[in-house]
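A.B. asks:
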Amino acid sequence: MSSYDVIVIGAGPGGYVSAIRCAQLGMKVAVVEGRETLGGTCLNVGCIPSKALLHATHMLHEAEHNFAEMGLKGKAPSVDWKQMISYKEKTVGQNTGGIEFLFKKNKIDWLKGWGSIPEAGKVKVGDDVYDAKNIIIASGSEASVLPGIEVDEKTVVTSTGALTLPKVPKSLVVIGAGVIGLELGSVYARLGAEVTVIEYLDAITPGMDAEIARQFQKMLTKQGLKFTLGAAVQGVEVKNNKATVSYVVRKDESEHTITADTVLVATGRKPYTTGLGLDALGVALTERGQIKTDASYATNVPGIYAIGDTIEGPMLAHKAEDEGMAVAEVIAGQKPHVNYGVIPGVIYTHPEVSNVGETEETLKAAGRAYKVGKFPFLGNARAKANFAGDGFVKLLVDAQTDRILGAHIIGPMAGDLIHEICVAMEFGAAAEDIARTCHAHPTYSEAVREAALACGDGAIHV
Ligand code: NAI
Numbered sequence: 001m002s003s004y005d006v007i008v009i010g011a012g013p014g015g016y017v018s019a020i021r022c023a024q025l026g027m028k029v030a031v032v033e034g035r036e037t038l039g040g041t042c043l044n045v046g047c048i049p050s051k052a053l054l055h056a057t058h059m060l061h062e063a064e065h066n067f068a069e070m071g072l073k074g075k076a077p078s079v080d081w082k083q084m085i086s087y088k089e090k091t092v093g094q095n096t097g098g099i100e101f102l103f104k105k106n107k108i109d110w111l112k113g114w115g116s117i118p119e120a121g122k123v124k125v126g127d128d129v130y131d132a133k134n135i136i137i138a139s140g141s142e143a144s145v146l147p148g149i150e151v152d153e154k155t156v157v158t159s160t161g162a163l164t165l166p167k168v169p170k171s172l173v174v175i176g177a178g179v180i181g182l183e184l185g186s187v188y189a190r191l192g193a194e195v196t197v198i199e200y201l202d203a204i205t206p207g208m209d210a211e212i213a214r215q216f217q218k219m220l221t222k223q224g225l226k227f228t229l230g231a232a233v234q235g236v237e238v239k240n241n242k243a244t245v246s247y248v249v250r251k252d253e254s255e256h257t258i259t260a261d262t263v264l265v266a267t268g269r270k271p272y273t274t275g276l277g278l279d280a281l282g283v284a285l286t287e288r289g290q291i292k293t294d295a296s297y298a299t300n301v302p303g304i305y306a307i308g309d310t311i312e313g314p315m316l317a318h319k320a321e322d323e324g325m326a327v328a329e330v331i332a333g334q335k336p337h338v339n340y341g342v343i344p345g346v347i348y349t350h351p352e353v354s355n356v357g358e359t360e361e362t363l364k365a366a367g368r369a370y371k372v373g374k375f376p377f378l379g380n381a382r383a384k385a386n387f388a389g390d391g392f393v394k395l396l397v398d399a400q401t402d403r404i405l406g407a408h409i410i411g412p413m414a415g416d417l418i419h420e421i422c423v424a425m426e427f428g429a430a431a432e433d434i435a436r437t438c439h440a441h442p443t444y445s446e447a448v449r450e451a452a453l454a455c456g457d458g459a460i461h462v
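Quick note: the sequence shown uses the UniProt record's numbering, first residue 1, plus one each step.
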């Protein structure tokens, strides 16, 4: 039976990136993956397919709302849902196929099936047992569904079912105003569904800078999404292909129901470690069921590492990728470092919303003195030309040193614009460093520079 330097369990962004880095560092590597295609949740039923649907429906929105003013006349396109789904699937196929190619290129074996760890140093796939000097658990996460709710992936769906609905529902209730709920809620609102989002907290997108969250909610409301905040969902009942959601409004404890064609449960995710045999191995978990690791991603069992959604920290593909590369370097004897203070977050609605580092709320709670530099996209020529003047860039900097502590963007290409600030933060830059860097005109990036200028003597175009 084959033996490997490293066997990675799970071929999502954490696992496949880790495997490639291990191979690049000269190790003999295999990846265990039970899905038909590589790429995990992100590529198959998460980030990538949802972005395809977000892109297609954004195009539709542009055609319906902005084409005529630009002199593009004619009827707005009608939706061929089957074709939109097949475009989405083609996009997924190109990406998952790309990883298969990368595996071949890097001489990584794909052990097809679901893996378990019968003992340290061994991985079992089907009836075969392989030797592995090191095992990396990168088995990802699954939807965390509220008790009292039964998901059938037809009428009551998680994000997985929401990406393959047979038709566009007339009405959709989304439980949870987090990233998944708002991205997929946007898709179906643009396709004409009546979308109601029910959220337990009093604001959308928990943890986001409160000013941005308020602005974001206003923009989504303008796009037709309805919000019921401060409401705890109690259960969902399905009858005649319709789902009735019952919820309690927390401030007065009043009970309500709402009925829809489809209900999307988007109340978070939890680590997926079923069947790995962690109990028998004695792998220590946190109270929330995450695998406990030290700063080198080592579990308490020698030779077993864990990364990505299975461990603590934000459940983000790019965080898993960084950990995947880092753990490979740890195994190779290097001393990598992931800077958890500079992990961007992006919501791919329109406009996009992005953030990195501290929020005003976290800075206030820590009693830190800070300054705010803000710039609205309405002052940005490129944004105005492109009907993208809604939103703003907000920089938070240390009041004494001007060092950048956090950034929040709501507006066009926010998910790309944030990275200039991430690099600046990695280098410990001050807002003045961005302000004194020449930015090409006319670009959206100028709004970032203007926000940096606003931290000093003032922005120019407001
Ligand atoms: P989330 O944690 O972002 O949001 C869940 C929401 O559900 C919270 O606002 C919570 O207060 C609410 N909720 C919980 N119980 C409730 C109840 N009984 N009634 C009403 N509301 C309730 O989780 P989400 O959106 O499911 O996403 C899961 C994970 O996937 C997140 O960690 C997210 O970061 C990640 N993800 C990231 C994406 C991105 O980076 N663009 C895209 C999709 C997912």
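Note that the Cβ used here is the ideal one computed from N, Cα and C, for glycine as well.
(1) Given the structure, does residue 245 come close to the ligand NAI, in the sense that its CB is under 7 angstroms from one of the ligand's heavy atoms?
(2) Identify which residue in 217, 86, 195 has its Cα closest to the Cα of residue 205.
(3) Report the three-state DSSP secondary structure of residue 288 (helix, strand or coil).
(4) Could you name the residues that DSSP lists as bridge partners for residue 128?
(5) My understanding is that residue 207 touches residue 266, with C-beta atoms under 8 angstroms, so please give their C-beta distance in whole angstroms.
(6) Which residues does DSSP pair with residue 408 in a beta bridge?
(7) Can you tell me which of the three DSSP states residue 95 falls into?
(8) Between the alpha carbons of residue 133 and residue 6, how many angstroms are there, rounded?
(9) Between 230, 410, 141, which lies nearest to residue 348 when the distance is taken from Cα to Cα?
(10) If we count the other Cβ atoms within 10 Å of its Cβ and call it buried at 16 or more, is residue 227 buried or exposed?
(11) Could you check which residue in 295, 290, 325 has the C-alpha nearest to that of residue 312?
(12) Taking just the CA atoms, how far does residue 146 sit from residue 174?
(13) Quick check: the stretch 56 to 75 against the stretch 135 to 150, are there 3 or more CB pairs under 8 angstroms?
(14) To which residues of the same chain is residue 23 closer than 7 angstroms at the C-beta, ignoring the five residues directly before and after it?
(15) Report the option in 118, 128, 87 whose CA atom is closest to the CA atom of residue 163.
(16) State the DSSP-derived secondary structure class of residue 240, mapped to helix, strand or coil.
(17) Is DSSP giving residue 227 helix, strand or coil here?
(18) I want to check one thing, is the minimum distance from the CB of residue 413 to the heavy atoms of the ligand NAI below 7 angstroms?
(19) Report yes if the C-beta distance between residue 320 and residue 49 is below 8 angstroms; otherwise report no.
(20) Under the criterion of a Cβ to heavy atom distance below 7 angstroms, does residue 237 qualify as lining the ligand NAI?
C.D. replies: Taking the definition as stated:
(1) Not so, every heavy atom of the ligand NAI lies at least 7 angstroms from the Cβ.
(2) Nearest option by C-alpha distance: 217.
(3) Residue 288: coil per DSSP, three-state reduction.
(4) Looking at the DSSP output, residue 128 shares a beta bridge with 125.
(5) Contact between residue 207 and residue 266 is ruled out by a C-beta separation of about 15 angstroms, above the 8 angstroms threshold.
(6) Answer is 355, 394, bridged to residue 408.
(7) Residue 95: helix per DSSP, three-state reduction.
(8) So the alpha carbons of these two residues sit roughly 6 angstroms apart.
(9) For the residues 230, 410, 141, the minimum Cα distance to residue 348 belongs to 410.
(10) It is buried - the Cβ of residue 227 has at least 16 other Cβ atoms within 10 Å.
(11) For residue 312, the nearest C-alpha among the options comes from 290.
(12) Their Cα atoms are separated by approximately 13 angstroms.
(13) No: the two stretches stay apart, fewer than three of their Cβ pairs being nearer than 8 angstroms.
(14) Taking C-beta separations shorter than 7 angstroms and ignoring five residues to either side along the sequence, the partners of residue 23 in its chain run 29, 106, 107, 108, following chain order.
(15) Comparing Cα positions, the closest option is 87.
(16) Coil, per DSSP.
(17) Note: residue 227 maps to strand in three-state DSSP.
(18) Residue 413 Cβ: outside cutoff for every heavy atom of the ligand NAI.
(19) It is not a contact, given that the beta carbons lie outside the stated cut-off.
(20) The closest heavy atom of the ligand NAI lies 7 angstroms or more from the beta carbon of residue 237.
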